[in-house]
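Written out below as structure tokens is the structure these notes cover.
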Amino acid sequence: MKHKKIMIIIIILFIILILCLLYTIQSFQNPSGRKVLIIQNNNIIQKINLSSEQNQEIKIQSPDGGYNIIKIQNHEICISEADCPDQTCVKTGILKSENLPIVCLPHKLIIRFAEEGEA
8 MKHKKIMIII IILFIILILC LLYTIQSFQN PSGRKVLIIQ NNNIIQKINL SSEQNQEIKI
68 QSPDGGYNII KIQNHEICIS EADCPDQTCV KTGILKSENL PIVCLPHKLI IRFAEEGEA
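When you line the sequence shown up against our numbering, it's residues 8 to 126, in that order.
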């Protein structure tokens, strides 16, 4: 009898673990709309629909004279080059999650997925 209870608890814990894993995977996937906002100094400077956008590079000038080069390729977006000292924005790689934007603090630039009604 004790053995059955332990097995039931293990099965329940396993199911909970699987559900948590599925939720985590879903939260890190791209939103269905695939619409992205490029924001600088808290102003939306460009709205992009990755589903229909052509491969291209966009150079964004910073008011302080710096720059970021944003690369759109195969319906994905990243910062491929920047003249900021730490290169965190470049190291972030491709925008994958609505919970983790690409940020360049020195140039006050943010690339993130648009929320409902934003784009």
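Beta carbons are placed, not taken as given, at the ideal position from N, Cα and C, and that holds for glycine.
The shortest C-alpha to C-alpha distance from LEU112 to any of ASN81, CYS96 and PHE120 is the one to CYS96.
Per DSSP, LYS54 is one residue of the beta strand (DSSP E) stretching across 50–56. Distance from the CA of ASN106 to the CA of ARG119, rounded to the nearest whole angstrom, comes to 9 angstroms. Per DSSP, CYS96 is one residue of the alpha helix (DSSP H) stretching across 95–99.
Around the beta carbon of ILE101, fewer than 16 other beta carbons sit within 10 angstroms, so the residue counts as exposed. Shown here, CYS91 sits in coil according to DSSP, grouped into three states, outside any helix or strand. Taking all protein chains in view, the Cβ of LEU29 is surrounded by fewer than 16 other Cβ atoms within 10 Å, so the residue is classified as exposed. When only Cα atoms are considered, ILE22 and HIS10 end up about 19 angstroms apart. Residue nearest to ALA121 within the set ILE25, GLN61, ARG41 and ILE52 is ARG41 (criterion: CA-CA distance).
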